[in-house]
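Asks: What follows is a structure written as C-alpha cells; I'll ask about it next.
Protein chains: 2
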Amino acid sequence: MIRISIDLMGGDFGPEVVIPGVAKALDRHPDVTFVLFGVKADCQALLDQYPKLKAKSVFHECELAVSMDEKPSQALRRGRYISTMWRSIEAVKAGEADVVVSAGNTGALMAMAKFCLRTMASIERPAIAAIWPTLKGESIVLDVGATIGADSQQLLDFALMGGAMARALFEIDRPTVGLLNVGVEEIKGQEEVREAGRMIREANLDTIDYFGFVEGNDLGKGTVDVVVTEGYTGNIALKTAEGTARQIAEYLRAAMSRTWLAKLGYVLAKSAFDLLREKLDPRKVNGGVFLGLNGIVIKSHGGTDAEGFAAAIDVGYDMARNGLTQKIENDLKKYHAKRLPPAGTEADISARVEEI
Amino acid sequence: MIRISIDLMGGDFGPEVVIPGVAKALDRHPDVTFVLFGVKADCQALLDQYPKLKAKSVFHECELAVSMDEKPSQALRRGRYISTMWRSIEAVKAGEADVVVSAGNTGALMAMAKFCLRTMASIERPAIAAIWPTLKGESIVLDVGATIGADSQQLLDFALMGGAMARALFEIDRPTVGLLNVGVEEIKGQEEVREAGRMIREANLDTIDYFGFVEGNDLGKGTVDVVVTEGYTGNIALKTAEGTARQIAEYLRAAMSRTWLAKLGYVLAKSAFDLLREKLDPRKVNGGVFLGLNGIVIKSHGGTDAEGFAAAIDVGYDMARNGLTQKIENDLKKYHAKRLPPAGTEADISARVEEI
Chain B
1 MIRISIDLMG
11 GDFGPEVVIP
21 GVAKALDRHP
31 DVTFVLFGVK
41 ADCQALLDQY
51 PKLKAKSVFH
61 ECELAVSMDE
71 KPSQALRRGR
81 YISTMWRSIE
91 AVKAGEADVV
101 VSAGNTGALM
111 AMAKFCLRTM
121 ASIERPAIAA
131 IWPTLKGESI
141 VLDVGATIGA
151 DSQQLLDFAL
161 MGGAMARALF
171 EIDRPTVGLL
181 NVGVEEIKGQ
191 EEVREAGRMI
201 REANLDTIDY
211 FGFVEGNDLG
221 KGTVDVVVTE
231 GYTGNIALKT
241 AEGTARQIAE
251 YLRAAMSRTW
261 LAKLGYVLAK
271 SAFDLLREKL
281 DPRKVNGGVF
291 LGLNGIVIKS
301 HGGTDAEGFA
311 AAIDVGYDMA
321 RNGLTQKIEN
331 DLKKYHAKRL
341 PPAGTEADIS
351 ARVEEI
Chain A
1001 MIRISIDLMG
1011 GDFGPEVVIP
1021 GVAKALDRHP
1031 DVTFVLFGVK
1041 ADCQALLDQY
1051 PKLKAKSVFH
1061 ECELAVSMDE
1071 KPSQALRRGR
1081 YISTMWRSIE
1091 AVKAGEADVV
1101 VSAGNTGALM
1111 AMAKFCLRTM
1121 ASIERPAIAA
1131 IWPTLKGESI
1141 VLDVGATIGA
1151 DSQQLLDFAL
1161 MGGAMARALF
1171 EIDRPTVGLL
1181 NVGVEEIKGQ
1191 EEVREAGRMI
1201 REANLDTIDY
1211 FGFVEGNDLG
1221 KGTVDVVVTE
1231 GYTGNIALKT
1241 AEGTARQIAE
1251 YLRAAMSRTW
1261 LAKLGYVLAK
1271 SAFDLLREKL
1281 DPRKVNGGVF
1291 LGLNGIVIKS
1301 HGGTDAEGFA
1311 AAIDVGYDMA
1321 RNGLTQKIEN
1331 DLKKYHAKRL
1341 PPAGTEADIS
1351 ARVEEI
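Read top to bottom, the protein sequences are chains B and A. Be aware that the first sequence starts at 1, since it is given in the working numbering, and climbs by one per residue. Be aware that the second sequence starts at 1001, since it is given in the working numbering, and climbs by one per residue.
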C-alpha cells in the first residue's frame, strides 16, 4: 500500500482542481491511501462529492495556505508548522506518507522541503528533475531550477540521483547518462562540466552507463535516459522547449483554419491531430521530482487541471512504489564507499585530512 | 552597391551548394557584386554554369580549404593567409568587401575572424547572434556559442550590439531588449545577469528599450526584439528549440501516415502543411552574425542547401546595406562617452583611478 500526502491548497485553482485530480488518481491506483491537508472551508463541500476518496483518505484541517506569489522566505515565516504545504511535507518526515504532491509555488515548496526533510547526508544541494518527452519515449532532465550553477561534484551527484530515478521510473538496470554541453569546437564547454565528465568516467559506476556529452537537440531525440545540467541552463532549456511546442501548435492551428480545404482536411485527419495533441500534452509529463532530500516531494505545475494533477500523483506513486529514496541513498553510499578508503586506515585519515 | 565576399569551400557540401546559393542570392539582389575564394579544381566547372554570377564576381584561387572537423588552432596554423576561409575574411579587412559569408566550421571561422579582423576597441569578446523565428516575427538571440560565461559588462555589450543589429535587420528605432533568466522565485538568477540588468537600466540607453528579464518560453513568443544571454545557455537554448521543432515535425509525420483517413486529410490540407513547413524551415533563418569584430562575418549552417546559403547571404546583405558595423560602433561610443566623464576633468581622473 502506498500512502500519498497531498497539499490540497496548492496551484492556481487550489482544491477545485486538486481534489478531482486526487479522485482520478485513486481510480487508477486503488492500492493508495491519501493524507490530505486543506483549509476546511475551501475543501469540505468538494470532498463530500467524492465519497470513494473520502473513504480512502484522512483529512487534516490546517490554518493557512501558502499563496502562489509568496516569496520562499515569507512562506517559511508565515506558514511553517501550520500551512497545508508544510504539514503535507511533514507527513513524509513523520513516516505517515511515502510521498507528498503539491501544486504550490516552487520556491516555497523547495524551501519548506529542504527545511523540513533536510538534504541527504552527502548531498549539498537538491535538484528538480523533469520528465522530458522524447522521440524514443521519455528522459529525465535535471536540474531544471533548484540551484543556479553547480560544481563538478554536484553534477556527479545529479548524475547518480537522476540515474536512480530513471531506474525507479523506467525500470531499467543501468540507465544511460549524458552531461549537457555545447558542441562548438572552439569553446569546449564549461570547466565544471568537463571535470564532471572526467570524474564520472573515473568513478566507474555500475549504477549508470555514462554516455558523455550531449547537446540541446539530444533532449528531444532521447539520446540518453538522463540528461544532467545545472539549474539555470536546465530551466531555460525546459521553458524553451515548452515555448517552442506552443509556438508550433499555434502555427499549426493558424495554418489549418486558413482555407476550407485545410479545415476539411483537419476534420478527416482528426484522429491524427488528437494523437499529436496527446503527444504534446504537457499534463502527461506533469510532475517535477525533488531529488536529494530525505523523502520524495513531487511538484505539479501550478496551472494544471485535474488530469495533470493526477499525472503528478502517478509520478509520485511510481517513485514511492519503486523506492526512489532508498535507491538514491544506496547509489550515493556505493559511490562514496568506493571513493574513500575503508574507515580508520591511514589512507582514510589522510584522505579526510585532504578533504578539510 | 554591396560587395560580398564568399568562402566557396565551406559547409558539408562545399562549392556544390555554395555556388548555386550565391547565384540565387544574386537573382534577388542585382546590386551585389561578389568576391569569391575557392580551390580552382573544385569550382571552375561549377562557376561556368552560372554566367550571370561570373559576370558579377571576381574569383580568387586559393591553395587550400579548411575542413569541417579541423580544430580552430589547427585551422589557423594550416590555413592562415592561404585558405579560402582566411582570404574571404581578409577581403573585408582590406576593404574589398562589405561582408563575408562562410558555411565553414564555426570554431575555425571565429578564430580566423578574430585574428584577422580583431575585436572592436571596447569589446572584449565577440558574440554570435542568431535570428529566431517567433509568433510575432523574428527576434535576435545572442550569444549562441562564441563564448562561455559572460560578466555583466559583456552582457551589456551584447545588449548594445544586439540592439544595433535589430535596428539594422528589422529597421526599427529602439528595439526592446531582454536578459534571459529563470523565473523560479527562490533562485533569482545569476548574479552577473542581475548586475547586467542594473547596469543597463542605469545607463539609460536611447538606442535600446530595456525590457527586463525574460524566460525560455519568451523566445518563441517574441516578447522582445533582442534576447541577451551568455554563449553556453544560448547555444543550448537554440539547439533545444531546433530539436523540439524536429521532434514535433516527426510526431506530426507519424500521426498523419497512420490511417487512410489521416492521409486523405493530409492531402486536402496540403497547402496548410506547406505553410507550416515554411514556417519551420530552418533554412529561412540561416545565418549567424558575428558581432563585435571590425567587419561583418556571417556564418551559414554547414549542412544547409543552396536556398539556405542564399538566405545567409540575404542576412549579410541587410547587415551591410544598413551599416551594422557603423551602428554598433556608434552605439558603443555613445554608451562609453556617457559612462566616463569628459577626459581630463577631475571626475574623469578619479573615475579612471577607480577603474584601476
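Glycine is no exception: its CB is placed at the ideal position from the N, C-alpha and C atoms.
#1: Given VAL315/B, which residues of its chain have a CB within under 6 Å of its CB, disregarding the five upstream and five downstream residues?
#2: Just the chain A side, please: which residues come within less than 8 Å of THR240/B by C-beta, in chain order?
#3: Listing by chain order, which chain A residues have their CB less than 8 Å from the CB of SER57/B?
#4: Going residue by residue through the stretch 223 to 311 of chain B, where are the continuous beta strand (DSSP E) segments of at least 3 residues, counting only ones entirely within it?
#5: Nearest-angstrom Cα distance between PRO282/B and ALA203/B?
#6: Taking SER1139/A and ASP1225/A to be in contact with their CB atoms under 8 Å, please state how far apart those CB atoms are, rounded to whole angstroms.
#7: Within its chain, find whatever has a CB closer than 7 Å to the CB of GLU186/B; leave out the 5 residues flanking it on each side and keep chain order.
#8: Using the beta-carbon of each residue, which ones in chain B are nearer than 7 Å to MET1256/A?
#9: Based on the DSSP output, what are the partners of THR1119/A in its beta bridges?
#10: If contacts are defined as beta-carbon pairs under 8 Å, then ASP98/B and ALA311/B qualify, I think. What distance do you get, rounded to the angstrom?
#11: Please list the residues of the stretch 1072 to 1102 of chain A that have a C-beta atom closer than 7 Å to any C-beta atom in chain B, keeping them in chain order.
#12: What three-state label does DSSP hand SER1088/A in the structure shown?
#13: Could you compute how far the alpha carbon of LYS1040/A sits from the alpha carbon of THR1304/A?
#14: With DSSP as the reference, please indicate the residues paired to GLU1195/A in a beta bridge.
#15: Within this structure, are the beta carbons of GLU1192/A and LEU1155/A separated by less than 8 Å?
#16: So is ALA1113/A in contact with chain B if we call contact Cβ pairs under 8 Å?
#17: For ALA1075/A and ALA103/B, what's the separation of their Cα atoms in angstroms?
#18: Who are VAL32/B's beta bridge partners in DSSP?
#19: According to DSSP, simplified to helix, strand and coil, what is ALA103/B?
#20: Let me know the secondary structure DSSP gives ILE1019/A once reduced to three states.
#21: Under 8 Å, do ALA146/B and ILE128/B count as touching if we go by C-beta distance?
#22: Could you give the C-beta distance for ALA108/B and PRO72/B, rounded to a whole number, given that I count them as a contact under 8 Å?
#23: Please state if the CB of LEU324/B and the CB of LEU160/B are separated by a distance shorter than 8 Å.
#24: Please return the same chain residues whose Cβ sits closer than 7 Å to the Cβ of TRP86/B, not counting the five positions on each side in sequence.
#25: DSSP on LEU155/B, reduced to helix/strand/coil?
#26: To the nearest angstrom, how far is it from the Cα of LEU26/B to the Cα of GLY1162/A?
#27: Count the other CB atoms within 10 Å of the CB of SER1005/A; is the residue buried (16 or more) or exposed (fewer)?
#28: Pick from LYS1327/A, PHE1059/A, VAL1032/A: whose alpha carbon is nearest that of CYS1043/A?
#29: By the three-class DSSP mapping on this structure, what secondary structure does THR1147/A have?
#30: What would DSSP say about ILE140/B, mapped onto helix, strand or coil?
#31: Taking all protein chains shown into account, do 16 or more other C-beta atoms lie within 10 angstroms of the C-beta of ARG1077/A, making it buried, or fewer, making it exposed?
#32: Could you tell me which chain B residues have their CB closer than 7 Å to the CB of LYS1279/A, listed as they occur along the chain?
#33: Here's the rule I'm using: 16 or more other beta-carbon atoms within 10 Å means buried, otherwise exposed. How should GLY1011/A be labelled?
#34: So which residues of chain A does LEU135/B contact, with C-beta pairs closer than 9 Å?
#35: Under 8 Å, with one C-beta from each stretch per pair, do the stretch 1239 to 1250 of chain A and the stretch 256 to 268 of chain B reach the 3-pair mark?
#36: Please say whether VAL1092/A and VAL1101/A have beta carbons closer to each other than 8 Å?
Replies: According to the structure shown:
#1: If we look at VAL315/B and ignore the five residues flanking it on each side, its Cβ neighbours are GLY287, ILE298.
#2: GLY1216, ASN1217, LEU1219, GLY1220, ALA1237, THR1240, ALA1241, THR1244
#3: Simply none; closest approach about 30 Å.
#4: 226 to 228, 288 to 291, 296 to 299
#5: 36 Å
#6: 6 Å
#7: Because GLU186/B sits at a pLDDT of 46, beneath the cut-off of 50, its placement in the model cannot be relied upon, and the point is left open.
#8: ALA269, ALA272
#9: LEU1293/A
#10: ASP98/B to ALA311/B, Cβ: 18 Å. No contact.
#11: PRO1072
#12: helix
#13: 22 Å
#14: In the DSSP output, where bridge partners are listed per residue, GLU1195/A has none listed.
#15: In contact: GLU1192/A and LEU1155/A (Cβ atoms closer than 8 Å).
#16: Closer than 8 Å: no.
#17: 53 Å
#18: ILE2/B
#19: coil
#20: helix
#21: yes
#22: 5 Å
#23: no
#24: GLY79, ARG80, MET112, CYS116
#25: When DSSP states are grouped into helix, strand and coil, LEU155/B belongs to the helix group.
#26: 52 Å
#27: It is buried - the Cβ of SER1005/A has at least 16 other Cβ atoms within 10 Å.
#28: PHE1059/A
#29: coil
#30: For ILE140/B, the secondary structure class from DSSP, reduced to helix, strand or coil, is strand.
#31: exposed
#32: TYR251
#33: buried
#34: ARG1246, GLN1247, GLU1250, TYR1251
#35: Taking one beta carbon from each stretch, the stretch 1239 to 1250 of chain A and the stretch 256 to 268 of chain B have fewer than 3 pairs nearer than 8 Å; the two do not touch.
#36: The beta carbons of VAL1101/A and VAL1092/A sit no closer together than 8 Å.
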